[in-house]
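K.L.:
Before I ask anything, let me first share the structure, which is written out below as structure tokens.
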Amino acid sequence: GPPRLLLTSDLNRVTLSLPEIGWAKPAATPGRLVVEGRLGAPVQLDRIEIEAPGLAASGTLGLNEDGTLDRLAFDAVDLGWFTGRAALVGQGGAPPRWEIGGGTADLRRLPDLGGGARAGGSVPVIDVRLDRLRLGETLALTGFRGRFGGAAAFTGQFAGAINGAEEVQGSLGPAANGRNAYAIRADDAGAVFRAAGIFSRGYGGALDLRIVEEEGQGRYSGEVRAGGMRVRDAPILAELLGLISVVGLL
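Structure representation (structure tokens):
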């Protein structure tokens, strides 16, 4: 049969960097790499494992008969801020596409990636489906799905349910400051506020939320509109003040 390959390394004195996900390994930091597979035509790697501070992943690589990429699939990825599955899928003559399936992500722990336009060509298409996308201490999108990339800037459309309740839809694109801007919409602003634990007495109304990333991790500015939202029961002054305080933090 075809010869087998077994490669191991402690990754010492090797500098590695994946700026798209905010990960880097300095040369003086050790790690572990194991690659095992078959060197026939095409090459098949049955085992790829890498461990280093801030990254752990294991998967396989398959190539087509002509040597082009079929699928680089990681069944287990842990970046600290993301745990789940990821795959780079060949598209023939087109750029490969990323599939992020299952798992969870926590935007509070996401490194500062800069955002906005990317130099040197288009951003690859990224299809994402997450069980949960954590936005804050008590705020998350469940059943998150979206498609991003495919242009010179990181753009996309997404949707999910606020804390497993009310559905919202959103879009992502470059802001004037070179970072990312988000537009989030929902048909029932009151239901969104109740699901988020922001304001319990609002019902109905159309939600329009605009957010822009600012310099520094976790810093945003924006505005929210809830046209036509009805408020029930009194007294409501304290809750309205709380709502204003939350919006002011965006």
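When we follow my numbering, the leftmost residue of the sequence shown carries the number 776, and every step to the right adds one. Just so it is clear, CB atoms sit at the ideal spot from N, CA and C, and this is done for glycine as well.
Taking DSSP's pairing of strands, which residues face T783 in a bridge?
P.N.:
DSSP, once it has assigned bridges, lists V809 as partnering T783.
K.L.:
Of the choices E990, G991, T835, D962, whose alpha-carbon is the least far from that of G977?
P.N.:
Closest by alpha carbon: D962.
K.L.:
Find out if the Cβ-Cβ distance for the pair F857, G877 is shorter than 8 Å.
P.N.:
Contact flag unset, no.
K.L.:
At which residues does the beta strand (DSSP E) containing A740 begin and terminate?
P.N.:
The requested residue 740 is not part of the displayed model; the chain covers only 776 to 1025.
K.L.:
Does the Cβ-Cβ distance between R813 and D785 come in under 8 Å?
P.N.:
No, the Cβ-Cβ distance between R813 and D785 is not below 8 Å.
K.L.:
Please confirm whether R872 has its beta-carbon closer than 8 Å to some beta-carbon of chain B.
P.N.:
The question asks about chain B, but that chain is absent: this structure has only one protein chain.
K.L.:
Taking all protein chains shown into account, decide if N955 is buried (16 or more other Cβ within 10 angstroms of its Cβ) or exposed.
P.N.:
By the neighbour-count rule (16 or more Cβ atoms within 10 Å), N955 is buried.
K.L.:
Between which two residues does the beta strand (DSSP E) containing A971 stretch?
P.N.:
Unbroken run through A971 is the alpha helix (DSSP H), 964-971; no beta strand (DSSP E).
K.L.:
Quick one: what's got a C-beta closer than 8 Å to P801's C-beta in the same chain, skipping five residues either side?
P.N.:
Excluding sequence neighbours, P801 sits near T790.
K.L.:
In this structure, how does DSSP classify P794 when only helix, strand and coil are distinguished?
P.N.:
Helix at P794.
K.L.:
Comparing alpha-carbon positions, which option in F974, A951, R788 lies nearest S996?
P.N.:
It is A951.
K.L.:
Could you check the C-alpha separation between A816 and E840 for me, to the nearest Å?
P.N.:
Distance between the alpha carbons of A816 and E840: 7 Å.
K.L.:
Using 8 Å as the threshold, is the C-beta distance between R920 and A934 below it?
P.N.:
Yes, the pair counts as a contact, with Cβ atoms nearer than the cut-off.
K.L.:
Could you check what DSSP says for R909 in three-state terms: helix, strand or coil?
P.N.:
DSSP places R909 in strand when its eight states are reduced to three.
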